[in-house]
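Student:
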Amino acid sequence: MLFDQAIDIPECLNAEALTVSLMGEKARYSLRLKSADVSAIKKASGLKLPAKIMGASHGKDVTCAKLGPDEWIVIADPVQKPKLDKALAKVSKDFTCSVTDISHRNVGFGITGADAAKLINVGCPLDLSLEKFPVGKAVRTLFESASILLIRTDEQSFHMECWRSFGPYLRDFFARVVTTR
Amino acid sequence: MSAFRKTGRGRVDASKVINFTFDGKSYQGVQGDTVASALLANGNHLMGRSFKYHRPRGVLGAGWEEPNALIAVDRGKGRVTPNVRATTQEIYEGLKAESQNRSPNLKFDMGAFNNAFSMFFPAGFYNKTFMWPKSFWDKVYEPFIRNMAGLGPAPDADDPDVYASVYGHCETLIIGAGPAGIAAALAAAKNGERIILVDENAQMGGSLLSTPSIEIDGKPAGKWLETSLKALAKAENVTLMTRTTATGYYHDNFVALAERITHHVPNAEIGKVREALHRIRAGKVILAQGGIERPLVFNGNDRPGVMLASAAQTYLGEYGVAVGNEVAVFTSHDSAYQAAFDVADANTRIAAIIDVRGTIRDDLIMGATERGIKVIKSAAITKTFGKLRVKACEVYEPESGNKTKLNCDAILMSGGWTPSLHLWSHSKGGIKWDADLAAYIPDAPNENAVCIGACNGDFGIAAALSAGHKAGGGRKTYKTNETDFGTGLVLSSLPSYLDSSKQKAFVDFQNDVTEKDIKLAVSEGFKSIEHVKRYTTNGMATDQGKTSNLNALEIASKAVGKPIEKVGLTTFRPPYTPTTFGTFTGYRDNELFDPTRKTPIDPWAEANGAAFEPVGHWRRAWYFPKEGEDMHAAVARECKATRDSLGIFDASTLGKIEVVGPDAAKFMNLMYTNPWSKLPVLGCRYGLMCREDGYIYDDGVVGRMAEDRFHVTTTTGGAPRVYRHMEDYLQTEFPELDVWLTSTTEQWAVIAINGPNARKLIEPFVEGIDLSADSFPHMTLREGKICGVPTRLFRVSFTGELGFEINVPAHYGRMVWETLFEEGQKYDICPYGTETMHVLRAEKGFIIVGQDTDGTVTAHDAGMSWAVSKKKRDFVGKRSLARPDLVAEGRKQLIGLLTEDSKEVLEEGAQIVEDPNQPIPMDMLGHVTSSYWSESLGRSIAMAVVRDGFNRMGETLNIPMPDKVIKAKVVKPVFYDPKGERLNVV
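Sequences listed follow chains S and Y, in order. The first sequence maps to residues 26 to 206 in the numbering used here. The second sequence maps to residues 3 to 988 in the numbering used here.
The structure is reproduced here in structure tokens:
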């Protein structure tokens with residue numbers, strides 16, 4: 026067993042109107058950039074860095090989200106990692122910025138189905154209606170006592186991330202909600 | 003059909019009979035009944051005993067304001083709910099209800115002796131009586147008060163039920179689904195925005211449920227209600243919630259809704275949600291909470307059978323239950339006449355309407371005359387008779403002095419109406435006194451909120467409907483055929499010939515506060531209503547004075563001799579009605595109470611029998627006992643194995659912060675006491691961090707990955723606060739620096755390998771790093787690969803042995819650990835936990851921040867002046883370190899202690915003195931901070947902070963314990979390998 030996120034998803038989380046799955050390996054980077062450099066860095070790295078806080082861009086294998094005035098997170102398929110490592114190393118060298126590999130800091134959950142927003146609203150105080158939280162929106166927020174990153178990937182699907190050690194807590198929370206409803 | 007059930011009346015389904023028990027006795031009710039309505043239908047008025055005097059009590063009301071009829075609902079072990087209002091608990095097949103506050107039973111209650119001696123229990127009785135003698139407190143008074151205090155059975159087992167919580171959002175939240183709330187929803191639903199309409203009862207409708215004779219726009223009220231609710235249920239943007247109480251109204255239109263999901267369901271399954279807390283953020287809140295009728299304060303007003311007039315109307319209109327055969331009505335308000343007419347129209351005899359007023363509206367007199375009801379004007383009830391149920395009352399006419407005894411088996415009273423301002427007040431909405439209503443009504447809002455209908459002081463159904471429609475954005479004016487709701491007269495005391503000290507005229511029924519108590523409080527100097535409340539306990543019971551606050555205010559204001567507005571109104575606080583702890587807890591019990599963070603290696607530790615200890619949110623392997631070992635034996639073995647050959651330790655919980663940017667070294671210089679500019683790339687340094695006050699805050703090894711990149715480690719528990727501390731200074735004090743912080747605690751799994759064979763173990767797995775002592779010296783780091791995955795490999799030691807800390811990306815942690823553990827069998831590798839780590843570091847005199855320091859220890863006090871740069875111009879805490887008290891001689895300083903008896907292990911926290919023969923309190927020099935059995939040294943060791951410790955080397959100090967005094971010698975706190983030679987094993 027090489028790659029181990031140590032989270033089993035119980036059977037109950039594969040329900041009719043609600044599926045929670047654990048995402049596999051991802052490449053993740055935290056970028057802290059000066060706003061003056063952003064367009065140049067976009068060009069240099071090829072990353073579609075969104076300009077608006079809580080905005081996100083979704084390529085085939087790469088998602089970029091802006092979480093704060095100077096902070097972006099890049100989440101990519103691991104096949105992209107060598108390419109991204111190289112591109113971001115160059116960014117790191119050429120610009121005054123911070124690039125940190127956080128690939129293993131997080132685990133990701135895919136939450137899908139008609140009840141997806143309802144499940145997330147058990148612990149997340151944000152308004153998840155489509156008007157207030159449209160597809161593509163990305164925020165750093167809370168699910169009860171865990172800090173999470175929440176991205177809406179389509180009307181009934183969310184990508185939720187948390188630090189690795191909080192994963193089982195979220196998983197247990199989801200399972201409790203589903204089995205007791 | 004039971005004696006008091008009226009055929010053709012009420013909304014209950016008389017064809018569905020439901021069996022339940024009350025105090026073990028079987029009763030029958032029908033579908034739609036509450037416990038109270040079913041008991042009344044059986045002619046049973048006695049439902050509880052009062053709190054203080056244990057007086058027999060029946061229902062006062064018919065809803066959530068009920069102060070008297072409190073029951074415990076017993077659903078088996080751990081599932082007993084106390085203090086449930088019988089008036090709101092719906093019956094279901096097999097329901098088991100028990101009365102409270104009585105012994106041995108409701109009809110014969112030993113506690114009622116308090117009633118006989120009530121003259122000795124005035125307001126403030128406890129405060130006055132239990133003051134002396136002081137020695138009586140522990141043995142006599144406190145046990146007595148504890149026994150008397152509290153209502154209902156306390157839980158004696160864990161609650162097996164499940165509770166839920168969820169967040170929700172809407173543009174309009176409407177609280178209360180009476181005519182006002184429903185009309186508001188109908189109007190608001192049209193704009194398509196999200197609307198939530200909640201009602202605490204099983205059915206929506208409010209007063210419309212008990213007034214079937216009313217016609218709205220020519221349609222019977224019942225029909226109008228049915229049509230309206232159907233339309234709302236169909237609207238996709240409207241959510242209807244019944245059995246849901248808005249318990250609290252918080253900032254920014256954040257409202258807590260407590261939903262009772264299975265309280266009315268027989269044999270509700272354990273493991274499914276019983277109650278849910280909905281935390282709603284609303285754009286606008288429409289409060290349509292209605293009003294509560296006020297009791298009249300007269301002698302004997304608490305006898306079972308005496309109740310609010312509106313309650314009788316509800317029991318009849320909603321449940322089809324007559325509250326008696328011969329009913330007296332006592333009122334100071336017009337609305338009681340309609341109640342009396344309803345009751346009379348259902349063929350119950352009205353003994354008389356006794357009105358304190360001299361002038362009464364003509365149409366009311368006419369209505370009474372038509373029904374043959376006698377109206378006695380300018381009169382009052384001055385006595386009631388009967389033991390467990392009223393059987394007669396005495397009517398007193400002050401003008402003539404006549405006293406007449408009137409037979410009756412129920413008395414309906416009405417002292418006017420109080421708008422329900424509870425939630426409005428939670429929201430900090432303003433209130434103003436309305437002299438006509440003799441009540442407070444809403445003034446300026448503090449949130450985007452509006453009060454409509456009775457809770458705004460607008461009584462009557464047509465008024466409520468129209469106000470509701472307007473609040474919902476509509477313009478409709480409704481017409482009804484109701485009798486004018488009318489007005490009343492509020493008197494601070496009713497006419498009576500009896501001496502007020504002889505009367506038992508109850509104001510607060512639940513806490514047994516009488517008119518006399520409130521007058522007494524005022525006469526004893528309590529002038530503010532808040533003080534009167536606390537002295538008398540008026541309004542402090544579980545009902546928060548819903549029926550008593552205004553009566554108490556009237557009485558107090560007259561006694562004080564000031565207008566009511568000057569006496570004030572007590573504050574309403576959430577929850578609106580008693581709410582279970584389960585609702586507040588929601589899902590967050592047991593494993594969901596708080597996250598337990600586990601490391602990548604935790605599953606291995608669990609599989610290998612580790613004992614765990616919590617460190618902050620983390621659980622860490624504490625020690626790894628083998629069969630038959632206790633902690634002491636396991637730790638001794640782990641220590642020895644590590645020093646003799648090889649130990650492996652999971653250090654993943656160490657906090658890690660990546661400090662990156664061209665100004666990284668500058669920032670590090672400011673945040674840590676040590677100098678960083680000259681630390682070469684791939685060098686490591688122990689870092690010490692102070693707060694502004696100069697005391698030690700955190701520590702850890704820092705590696706320089708590049709000119710502009712530091713890998714900072716913090717203590718496990720300190721990680722979040724160090725990150726916040728750094729970020730705080732970066733943003734507020736040093737915003738000009740080009741440097742950024744990223745938490746990488748969880749990016750890296752950290753495996754510490756310690757012992758003479760450490761290098762040999764890892765050598766075969768490492769790629770791209772020369773591990774030889776010369777090219778990879780102590781306190782440096784390298785990047786390369788281990789077991790095929792990238793690593794940041796630190797050569798550091800927290801044990802004094804040759805040591806490596808292997809950082810690998812977290813999801814690979816377990817694989818690397820298991821690979822090394824397997825290979826380590828060659829060297830008898832020993833996994834060890836935090837306890838062994840603590841012993842090994844103590845042997846070397848390394849401090850643990852938070853154990854050997856307590857927020858008042860400076861680097862100098864800890865013997866670590868070497869870690870404080872003297873050259874740096876500034877760092878956080880530098881100026882404080884020059885404070886006179888921090889440079890003074892004789893501060894408490896960290897030293898080592900060796901007990902005279904080498905087998906004696908000191909207790910951590912034990913106080914240290916010079917002369918143990920001093921009388922207590924002795925002059926204390928300090929205390930033991932760390933103390934262990936050292937297997938390597940074959941003796942105990944300890945660290946302590948001691949006044950002027952550095953100057954006491956060689957002195958013998960005393961540690962007094964309960965059974966003996968332990969002597970120990972002051973030494974330097976480095977017990978093992980003081981020259982550090984073991985680090986250099988080749």
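Ideal placement from N, C-alpha and C gives every residue a C-beta, glycine not left out.
Between the segment 578-591 of chain Y and the segment 314-333 of chain Y, do three or more beta carbon pairs fall short of 8 angstroms?
Tutor: At 8 angstroms Cβ cutoff, the stretches do not touch.
Student: Can you name the residues of chain Y whose CB is closer than 9 angstroms to the CB of residue 206 of chain S?
Tutor: As a first step, residue 206 of chain S must be located in the first sequence, where it is residue number 181. Here the neighbours are 166, 274 and 275.
Student: With H, G and I counted as helix, E and B as strand and the rest as coil, what does DSSP make of residue 836 of chain Y?
Tutor: The sequence position of residue 836 of chain Y within the second sequence is 834, counting from 1. It is helical.
Student: Within a Cβ cutoff of 8 angstroms, which residues of the same chain sit near residue 644 of chain Y, ignoring the five residues on either side of it in sequence?
Tutor: Along the second sequence, read from residue 1 onward, the residue named residue 644 of chain Y stands at position 642. Same-chain partners within the cutoff: 756, 757, 801, 803, 832, 834, 838 and 842.
Student: Excluding the five sequence neighbours on either side, which residues of its own chain have a C-beta within less than 6 angstroms of the C-beta of residue 505 of chain Y, listed in chain order?
Tutor: The sequence position of residue 505 of chain Y within the second sequence is 503, counting from 1. Excluding residues within five positions, the ones whose Cβ falls inside 6 angstroms are 301.
Student: With DSSP run on the structure shown, which of helix, strand or coil describes residue 509 of chain Y?
Tutor: Residue mapping note: residue 509 of chain Y aligns to position 507 of the second sequence, counting from 1. Of the three classes helix, strand and coil, the one that applies to residue 509 of chain Y here is strand, per DSSP.
Student: In whole angstroms, give me the CA-to-CA distance for residue 27 of chain S and residue 817 of chain Y.
Tutor: Here residue 27 of chain S is taken as the residue at index 2 of the first sequence, counted from 1. Here residue 817 of chain Y is taken as the residue at index 815 of the second sequence, counted from 1. Spanning the two alpha carbons is a distance of roughly 5 angstroms.
Student: With a threshold of 8 angstroms on Cβ separation, who are the neighbours of residue 942 of chain Y within its own chain once the five nearest residues in sequence on each side are excluded?
Tutor: Locating residue 942 of chain Y in the second sequence gives position 940, where the first residue counts as 1. Answer for residue 942 of chain Y: 900, 901, 904, 905, 906, 907, 908, 933, 934, 935 and 936, listed in chain order.
Student: Please specify which runs of the beta strand (DSSP E), each continuous and at least 3 residues long, are wholly inside the segment 44-97 of chain Y, giving them in chain order.
Tutor: 72-76 and 82-87
Student: Using the three-state DSSP reduction, which class does residue 713 of chain Y fall into: helix, strand or coil?
Tutor: For this step, residue 713 of chain Y is matched to residue 711 along the second sequence. Residue state, collapsed to three classes: strand.
Student: Less than 7 angstroms between C-beta atoms, sequence neighbours within five positions excluded: which residues of the same chain meet that for residue 137 of chain S?
Tutor: What you label residue 137 of chain S is simply residue 112 of the first sequence in a count that begins at 1. The beta carbon of residue 137 of chain S lies closer than 7 angstroms to those of 44, 181 and 182 in the same chain, with the five residues before and after it left out.
Student: Between the segment 192-205 of chain Y and the segment 152-162 of chain Y, can you find at least three pairs of beta-carbon atoms closer than 8 angstroms?
Tutor: no
Student: Suppose you measure from the CA of residue 874 of chain Y to the CA of residue 679 of chain Y; what does that come to, to the nearest Å?
Tutor: Start at 1 with the first residue of the second sequence, and residue 874 of chain Y comes out as number 872. Start at 1 with the first residue of the second sequence, and residue 679 of chain Y comes out as number 677. Using only the alpha carbons, I get a separation of about 10 angstroms.
Student: Any chance you could list the beta strand (DSSP E) runs of at least 3 consecutive residues sitting entirely within the segment 596-645 of chain Y, in chain order?
Tutor: 613-617 and 620-625
Student: Given a threshold of 16 other Cβ atoms within 10 Å of its Cβ, counted over all protein chains shown, does residue 624 of chain Y qualify as buried or as exposed?
Tutor: The residue labelled residue 624 of chain Y in the question sits at position 622 within the second sequence. Buried: at least 16 other Cβ atoms inside 10 Å.
Student: Please list, in chain order, all residues of the same chain as residue 671 of chain Y whose beta carbon is under 7 angstroms from its beta carbon, the five residues on each side excluded.
Tutor: Within the second sequence, numbered from 1, the residue matching residue 671 of chain Y stands at position 669. If we look at residue 671 of chain Y and ignore the five residues flanking it on each side, its Cβ neighbours are 677, 678, 679, 874 and 877.
Student: Quick check on residue 166 of chain S - is its C-beta less than 8 angstroms from some C-beta in chain Y?
Tutor: Position 141 of the first sequence, counting from 1, holds the residue named residue 166 of chain S. So no, residue 166 of chain S is outside the interface.
Student: Going along chain Y, which residues have a C-beta under 8 angstroms from residue 150 of chain S?
Tutor: The residue you call residue 150 of chain S lines up with position 125 of the first sequence. Result: 169, 281 and 283.
Student: So with Cβ pairs under 8 angstroms, would you call residue 97 of chain S a contact of chain Y?
Tutor: Against the first sequence, residue 97 of chain S aligns to sequence position 72. It does not; no Cβ of chain Y falls within 8 angstroms.
Student: Return no unless some Cβ of chain A is closer than 8 angstroms to the Cβ of residue 749 of chain Y.
Tutor: As a matter of chain content, chain A is missing from the structure shown, whose protein chains are S and Y.
Student: Just checking: is the beta-carbon of residue 129 of chain S within a distance shorter than 8 angstroms of some beta-carbon in chain Y?
Tutor: To locate residue 129 of chain S, count along the first sequence from 1; it is residue 104. A Cβ of chain Y is located within less than 8 angstroms of the beta carbon of residue 129 of chain S.
Student: Is there a C-beta anywhere in chain S that falls below 8 angstroms from the one on residue 727 of chain Y?
Tutor: In the second sequence, the residue the question calls residue 727 of chain Y occupies position 725. Output row for residue 727 of chain Y: interface = no.
Student: Between which two residues does the beta strand (DSSP E) holding residue 673 of chain Y run?
Tutor: By one-based count along the second sequence, residue 673 of chain Y stands at place 671. No beta strand (DSSP E) contains residue 673 of chain Y, which is instead part of the alpha helix (DSSP H) from 666-673.
Student: Using a beta-carbon distance below 8 angstroms, is residue 27 of chain S in contact with chain Y?
Tutor: Here residue 27 of chain S refers to the residue found at position 2 of the first sequence. At a cut-off of 8 angstroms between C-beta atoms, residue 27 of chain S counts as an interface residue with respect to chain Y.
Student: Go ahead and pull the three-state DSSP assignment for residue 926 of chain Y.
Tutor: As a working note, residue 926 of chain Y is residue 924 in the second sequence. It is a strand residue.
Student: Give the secondary structure of residue 179 of chain S by DSSP, where H, G and I count as helix, E and B as strand, and everything else as coil.
Tutor: In the first sequence, counting from the first residue as 1, residue 179 of chain S sits at position 154. If DSSP states are grouped into helix, strand and coil, residue 179 of chain S belongs with the strands.
Student: Go to residue 955 of chain Y, then tell me how far its alpha helix (DSSP H) extends in each direction, as first and last residue.
Tutor: Translated into the one-based positions of the second sequence, residue 955 of chain Y becomes position 953. No alpha helix (DSSP H) contains residue 955 of chain Y, which DSSP labels as neither H nor E.
Student: Give, in chain order, every unbroken run of the beta strand (DSSP E) that is at least 3 residues long and sits entirely within the segment 847-926 of chain Y.
Tutor: 894-901 and 913-915
Student: Thinking residue 174 of chain S and residue 163 of chain S are a contact (beta carbons under 8 angstroms), I'd like their distance in whole angstroms, please.
Tutor: Position 149 of the first sequence, counting from 1, holds the residue named residue 174 of chain S. Position 138 of the first sequence, counting from 1, holds the residue named residue 163 of chain S. Cβ-Cβ separation between residue 174 of chain S and residue 163 of chain S: approximately 7 angstroms, consistent with a contact (criterion under 8 angstroms).
Student: What three-state label does DSSP hand residue 764 of chain Y in the structure shown?
Tutor: Along the second sequence, read from residue 1 onward, the residue named residue 764 of chain Y stands at position 762. Reduced to three states, the DSSP call for residue 764 of chain Y is helix.
Student: Is residue 479 of chain Y buried or exposed, if buried means 16 or more other CB atoms sit within 10 Å of its CB?
Tutor: Residue 479 of chain Y sits at position 477 when you count from the first residue of the second sequence. So residue 479 of chain Y ends up on the exposed side.
Student: In terms of DSSP beta bridges, what is residue 222 of chain Y paired with?
Tutor: Within the second sequence, numbered from 1, the residue matching residue 222 of chain Y stands at position 220. Note: residue 222 of chain Y sits in a beta bridge opposite Y:217.
Student: Runs of 4 residues minimum, wholly inside the segment 352-418 of chain Y: which ones carry the alpha helix (DSSP H) assignment?
Tutor: 364-372
Student: Please report the Cβ distance between residue 556 of chain Y and residue 515 of chain Y, rounded to the nearest whole angstrom; I am assuming they are in contact, meaning their Cβ atoms lie under 8 angstroms.
Tutor: Taking the first residue of the second sequence as 1, we reach residue 556 of chain Y at position 554. Taking the first residue of the second sequence as 1, we reach residue 515 of chain Y at position 513. The Cβ separation is near 14 angstroms, so there is no contact.
Student: Can you tell me where the beta strand (DSSP E) holding residue 444 of chain Y begins and where it ends?
Tutor: Stepping through the second sequence from its first residue, residue 444 of chain Y is reached at position 442. Unbroken beta strand (DSSP E) run through residue 444 of chain Y: 441-444.
Student: Is there at least one Cβ from chain Y nearer than 8 angstroms to residue 186 of chain S's Cβ?
Tutor: To locate residue 186 of chain S, count along the first sequence from 1; it is residue 161. No, its Cβ sits nowhere closer than 8 angstroms to a Cβ of chain Y.
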